[in-house]
Structure formats: C-alpha cells, structure tokens
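Residue numbers (my numbering), protein chains in the order written: chain B, 1 to 121; chain U, 1001 to 1121; chain C, 2001 to 2152; chain Z, 3001 to 3152.
Report on one structure; see the data block that follows.
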Amino acid sequence: MSNFEISREDNKEITVLKLHGYLDAHTAREFEQSLANVIKEQRFKIVVSLENLKYISSAGLGVFMGFIEEVRKKGGDIKIAQPSPKVYKVFDLLGFPNLYEFYDQLETALKAFEKTQQPGK
Amino acid sequence: MSNFEISREDNKEITVLKLHGYLDAHTAREFEQSLANVIKEQRFKIVVSLENLKYISSAGLGVFMGFIEEVRKKGGDIKIAQPSPKVYKVFDLLGFPNLYEFYDQLETALKAFEKTQQPGK
Amino acid sequence: MPRKTKTTKKSRALYRLNLPAHSENLHVIRKFVSEIASNLGFDEEAMYQIELAVDEACTNVIKHAYRNDQQSEKIIKITLKVKEDRLIIIVADKGCGFNPAAIKSPDMEKYIKKGKRGGLGLHLIKSLMDEVSFRMKPGVRNEVIMVKKRKG
Amino acid sequence: MPRKTKTTKKSRALYRLNLPAHSENLHVIRKFVSEIASNLGFDEEAMYQIELAVDEACTNVIKHAYRNDQQSEKIIKITLKVKEDRLIIIVADKGCGFNPAAIKSPDMEKYIKKGKRGGLGLHLIKSLMDEVSFRMKPGVRNEVIMVKKRKG
Ligand SMILES: Nc1ncnc2c1ncn2[C@@H]1O[C@H](COP(=O)(O)OP(=O)(O)O)[C@@H](O)[C@H]1O
Ligand SMILES: Nc1ncnc2c1ncn2[C@@H]1O[C@H](COP(=O)(O)OP(=O)(O)O)[C@@H](O)[C@H]1O
Chain B
1 MSNFEISRED
11 NKEITVLKLH
21 GYLDAHTARE
31 FEQSLANVIK
41 EQRFKIVVSL
51 ENLKYISSAG
61 LGVFMGFIEE
71 VRKKGGDIKI
81 AQPSPKVYKV
91 FDLLGFPNLY
101 EFYDQLETAL
111 KAFEKTQQPG
121 K
Chain U
1001 MSNFEISRED
1011 NKEITVLKLH
1021 GYLDAHTARE
1031 FEQSLANVIK
1041 EQRFKIVVSL
1051 ENLKYISSAG
1061 LGVFMGFIEE
1071 VRKKGGDIKI
1081 AQPSPKVYKV
1091 FDLLGFPNLY
1101 EFYDQLETAL
1111 KAFEKTQQPG
1121 K
Chain C
2001 MPRKTKTTKK
2011 SRALYRLNLP
2021 AHSENLHVIR
2031 KFVSEIASNL
2041 GFDEEAMYQI
2051 ELAVDEACTN
2061 VIKHAYRNDQ
2071 QSEKIIKITL
2081 KVKEDRLIII
2091 VADKGCGFNP
2101 AAIKSPDMEK
2111 YIKKGKRGGL
2121 GLHLIKSLMD
2131 EVSFRMKPGV
2141 RNEVIMVKKR
2151 KG
Chain Z
3001 MPRKTKTTKK
3011 SRALYRLNLP
3021 AHSENLHVIR
3031 KFVSEIASNL
3041 GFDEEAMYQI
3051 ELAVDEACTN
3061 VIKHAYRNDQ
3071 QSEKIIKITL
3081 KVKEDRLIII
3091 VADKGCGFNP
3101 AAIKSPDMEK
3111 YIKKGKRGGL
3121 GLHLIKSLMD
3131 EVSFRMKPGV
3141 RNEVIMVKKR
3151 KG
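Here it is in structure tokens:
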C-alpha cells in the first residue's frame, strides 16, 4: 500500500517519468532507482512530470541533484513539468529554477528538447 | 475546515438530508441539529442520503435513534439511502436493518413514501 | 543482553500518542491509526474496523472518563504495539473508570422505544476486534486493550 | 493554584507522538501534524509548510541522529504545543546530536557540480517556519524547536 508510484513512457529519444503521490525520504529510493535505470539505458533526455505529485521533500529534490551533472555531460537534460504550485514552491525555496528548466505543460517540455541540438557544453 | 457537511433538499413533503464526509461524536451535533430543524418544521418524511458519507461511528447512529420514534408517531419515517458498503456494515453490526429501511437508490427511497399511506401505527 | 527470539524490525515497533480528550481530535486519531494500519498491510476493511474501534474507545474517554473530574488533565493515551502476528491497541485515560462486566449488550428495539441513545460503543468494539480486555485503575490509568490479528 | 492569565481550551492543548525512527513513518507523521494544523485553522499553504518542516526534521533524525548508536531505541518524539498565537513543534531524538551553528546554508551550484546531495533540510526548515532553535544533549535529548505563527 505505497503512497508513491512512478510510470514511464518512452517517446522516441525522450523518456517521461510521471510521479504520483508523495515523494519523501522513504519513497525517494524508488525514484532514484527509476532514474538510474533510464540512465543505464543511455537515455539522457528526461522529462519528469509532477502533475500527480502531491508532496515533495528535500529528499526528493536530492534525487534530481544526484543525476543532473552526469545527464548534462552526456548531452541530455532533466526537465521538470507540471509541478503544482505547492510543489513548485519547494523547488523555488531551494533555488532550483536557476538550475533546472520548469514547464507548465508536458508538451512544451518535450518540445524544448527538439529546439536544442546537443545542449550542454 | 470541517470534515463533515450536510446539504438539504425539500421535495414536496419529503426532505432529503445529504451527509458528506465523516460523521463522528464531534460532527454528530451538526447532524442532530439539522434533523431537529426539519422536525420542528413539522416535516416528518425524511430521507438521509449517505452517498457521500465516508465514515460513521456509533455517535452518528445515535442521532438516527434519537428521532425515529417521534417521527413515526407523526406518521413519517427516516429512511436511509445509498450507504457505501463500509458504512452499511456499521449499521448492520448494530441491527439497524431490522429497524430502518435502507435503499440503494435515492429514488426508490423517495418512492417508498408514496406507496405507504399514513404508515406507522 | 541477548533476546530470546530474533524479532523483525516491525515486530518491535511501538507508537505512542497522547492528546487532549476533545472530540475535534477524533479525526486526527483515526487518520493516525489508519495510516499505521495501512503501513502494516491491513486491508481497507480491517483499516475501517480498526479506525472505528479506536474512535469508539476514544469517544468513551471524551464522553465518560473525565465527567466528574474537572481537575485532572483530560488526556487520551493511545499505544500501538506491532507484533508479528497482531496489532495491539491500548486506549487509556486517567478518569473515573468503569466496570466492564456491568455493561450489557444493547437491545436495539428498547433503545428506539425509549428514544435513548448510546450503549453501542463497547458492543461495536467487541464486534470489530479479535480480542478486547480492560484494566481499571480509576484516577490512574484505565485501559481498553484491543487486538487485531494480522493475516499471515 | 491560580494561573496568571486565563487561557482558552485550545491554548493549552498538548500533543505528544513517539514512534520508531523509520522512514516509512514519515507519511504517518505528516498526516498527524497536518490534521492538527487543519483543526487549528491553518490554511492549505501553512499546512504544507508545517508538514514539510516536520518531515525534514524527522528525516534528519532517521538519517543522522542514530547513525553510530545501534544500541539505543531509535525513537522520534514529536510534541505540539498549541498557544493562542502560535504552534510550537518540537522534534526530538536521543541520538548523537550535532552543532547547528556549524551547518551552512547550501550552495546549490556547488552541490550540483559535485553531484552531492543533502544539506537542504535545515535550510528548508528555517525558510518555512517563523522561528527555529535547537537544544542539544547528545544521547539524552536533542531538540529542533519550530514555531509557526497563527493568524490572529
Ligand atoms: N473510558 C471510559 N471511562 C468511563 N466510563 C466508560 C468508559 N468507556 C465506557 N464507559 C462506560 O461504559 C458505558 C457503555 O459505553 P458504550 O457502549 O460505548 O456506550 P455509550 O458511550 O453510548 O454509553 C458508558 O455509558 C460508560 O458508563
Ligand atoms: N537530528 C539530527 N541528529 C544529528 N545530526 C543532525 C540532525 N539533524 C541535522 N543533523 C546534521 O545537520 C546536517 C544538515 O542537515 P540537513 O540540512 O537536513 O541536510 P542533510 O540531512 O541533507 O545532510 C546533517 O548532515 C547532519 O550532520
């Protein structure tokens, strides 16, 4: 009876991870594992959809931080889509909008990957 | 920020009280007050809809018991409509189905008043 | 000190909640208990039964325990002991206490005829839980001890 | 004994919760705290802030407090004191303790470059609550004391 779930959709070279429920120090492991799996498959264009995420704590933010440098080195990115105002506020308090791209719509997050050719370096 | 609400609809001579949320020893007072008001207006044909009731404790059942005799003496009745299986189970454990009419549909509860002319004695 | 048997992490878990005996706290108590029950793998029906039994026991503390006792702090103490095969829930007060043996099962027909309410709480608790017992020390600690079995 | 000022029922309310320092209990803790905050009339945003600050303090207890201390019972103690104008929340452990003055605010750019995580919890707690203080007695009782003002 977990209060956190992840669903995954592969969309050409982009992978979308949709988070559902409560992301805290208990459930962060699951998210970490999912991200690690995607990266192991050499897929570096990642959108994390937070449309159904009800809650996030710093343990959840830590997972984003743990992978971003590696992903960007490989020419990819982790973009964050559809956070609720409450969830966005937490990212905002910790300065994430300076470091990550946030999108209100899933579609615009996906399109943002098309625009940039080989971003990063 | 109450977790219990009542809405009322008067339908010719029948009054429908719709309960929402959690009915416990704290919120039972509100239900009691609503029922008392209806009866004060000399309206004795009452359907209580539990479609949106998520929880009931014995304090909630007590409210039904407190008024039923008076209402029946006046030729009326309190009928109970649309309990969820969980909520019905509580009524069932205390033998309420022997004492009250339960209906799966609101409409059949309303119709049951038409069928009986001057029920009670 | 060596223990007799190796216990799993969960089988030793202990939860204690002390809070004011006010009816507005019943919702807090139910959420608290049902979240723990959910973590322990109880199904929806069992969760509802546990919530209801604890609510009834706490409602009794609020309504009855401190009635003639305006001086003492009106506190409900809830303890959950998680064992491998069962969950033990103790609801305790330090009010007036009562004699559980003297409480009869309610006769519903009579209740309705008299327009009298109540007497249902203990009956429900006994119906919903696998074991119920009592320990009374009026003014010190009165306990309703409820056991719900965990499915293997 | 006469009190200096007349306090309302709510202003004296005291809630205590002791439970095992396991991350699976974070959800229980958040629900518990937010139900009480809701009863006290805090709005949705304040509720989220309180939940999050308490979660962060408890996560620290789980991750850090008992690290080198396998013997002691790993318990989180949460106390809520409801005052007329504010809610005081104390998260306590009896683990190793720490020096709050030595904890610096995180430099996010550096964190990302190093791929290093953490260091965000205390920063969040300070951002979310109106007052934060600490009392350390390693092995006995280490407290994070958080205050959220109630709107008048
Ligand atoms: N914690 C308690 N402290 C004192 N008396 C209690 C307590 N719990 C139950 N009782 C007594 O047992 C009786 C039966 O309780 P119960 O079956 O819950 O019905 P009700 O609360 O509706 O009377 C109460 O009327 C009360 O006298
Ligand atoms: N309850 C506690 N017991 C022991 N150390 C703690 C406690 N809370 C915080 N700390 C210390 O403070 C540091 C900063 O905590 P925090 O800002 O939450 O970041 P993080 O937990 O991610 O390291 C921790 O790394 C730890 O050393």
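No residue lacks a Cβ here, since even glycine has one placed at the ideal position from N, Cα and C.
Computed from a predicted model, the values in this text were never measured in an experiment.
Any C-beta of chain Z under 7 angstroms from that of C:F2042: no
Partner residues on chain B for Z:K3148, Cβ-Cβ distance less than 9 angstroms: What Z:K3148 touches in chain B: nothing, since even the nearest Cβ is about 15 angstroms away.
Chain Z within 7 angstroms of B:Q20, Cβ atoms only: Here residue 20 of chain B turns out to be His, not Gln, going by the sequence shown. It does not; no Cβ of chain Z falls within 7 angstroms.
Proximal residues to C:Q2049 (C-beta, below 6 angstroms), its chain only, five neighbours per side dropped: L2128
Given C:A2013 as reference, the closest of Z:K3094, Z:K3151 and Z:N3025 once Cα atoms are compared: Z:N3025
Beta carbon proximity, B:D77 to chain Z, threshold 7 angstroms: no
Ligand 1 heavy atom lying under 6 angstroms from the CB of U:H1020: no
Interface residues of chain Z facing B:A109 [CB-CB closer than 9 angstroms]: The contacting residues do not exist; B:A109 stays about 19 angstroms from chain Z at best.
Coarse secondary structure for Z:R3135, derived from DSSP in three states: strand
Residue-chain proximity (C:K2063, chain Z), Cβ-Cβ < 7 angstroms: no
Cβ-heavy atom distance, Z:I3103 to ligand 2, below 6 angstroms: yes
Element boundaries [beta strand (DSSP E), containing B:R65]: Inspection of the sequence shows that residue 65 of chain B is occupied by Met rather than by Arg. Not the beta strand (DSSP E): B:M65 falls in the alpha helix (DSSP H), residues S58 to K73.
Chain B within 7 angstroms of Z:Y3048, Cβ atoms only: yes
Minimum Cβ-Cβ distance from Z:Y3015 to chain C less than 7 angstroms: yes
Among U:K1079, U:G1095 and U:L1093, the one whose alpha carbon lies nearest that of U:V1048: U:K1079
Opposing strand residues paired with U:F1102 [DSSP bridges]: U:I1080
Proximity to U:N1052 [Cα-Cα], best of U:L1110, U:Q1033 and U:N1003: U:N1003
For B:Y22, the residue or residues it bridges with in DSSP: B:Y55
Chain C contact for U:E1101 (CB, 7 angstroms cutoff): no
Beta-ladder partner(s) of Z:E3143, from DSSP: Z:A3092 and Z:R3135
Amino acids of chain U, ordered along the chain, whose beta-carbon sits closer than 7 angstroms to that of C:D2093: Near C:D2093 there are no residues of chain U at all, since even the closest Cβ is about 15 angstroms away, more than 7 angstroms.
Test item: CB-CB of B:E45 and B:I14 under 7 angstroms: Looking at the sequence shown, residue 45 of chain B is not Glu but Lys. Yes, the Cβ-Cβ distance between B:K45 and B:I14 is below 7 angstroms.
Local conformation of U:S1034 per DSSP, three classes: helix
Same chain, Cβ closer than 6 angstroms to Z:E3131, five either side skipped, listed in chain order: V3147
Stretch-stretch touch, CB-based, cutoff 8 angstroms, three pairs: the stretch 3030–3043 of chain Z with the stretch 2054–2068 of chain C: no
C-beta neighbour in chain E for C:D2055, strict 7 angstroms: Of the protein chains in this structure, namely B, U, C and Z, none is chain E.
CA-to-CA distance, U:A1025 to U:A1059, given in whole angstroms: 5 angstroms
Terminal residues of the beta strand (DSSP E) in which Z:L3019 lies: L3014 to P3020
Ligand 3 heavy atom lying under 6 angstroms from the CB of B:D24: As far as ligands go, the structure on display features ligand 1 and ligand 2 and does not contain ligand 3.
C:A2092 CB to nearest heavy atom of ligand 1 below 6 angstroms: no
Chain Z contacts from the stretch 22–44 of chain B (Cβ-Cβ distance under 8 angstroms): Y22, D24, A25 and H26
Nearest candidate by alpha-carbon position, reference B:V38, set B:N11, B:I56, B:S57 and B:L23: B:N11
Any non-hydrogen atom of ligand 2 within 6 angstroms of Z:G3121 CB: yes
Classification of B:P97 by the beta-carbon crowding that lies within 10 angstroms, buried from 16 upward: exposed
Per DSSP, cross-strand counterpart(s) of Z:V3033: According to DSSP, Z:V3033 bridges with nothing at all.
Closer than 7 angstroms to chain C by CB, U:L1106: no
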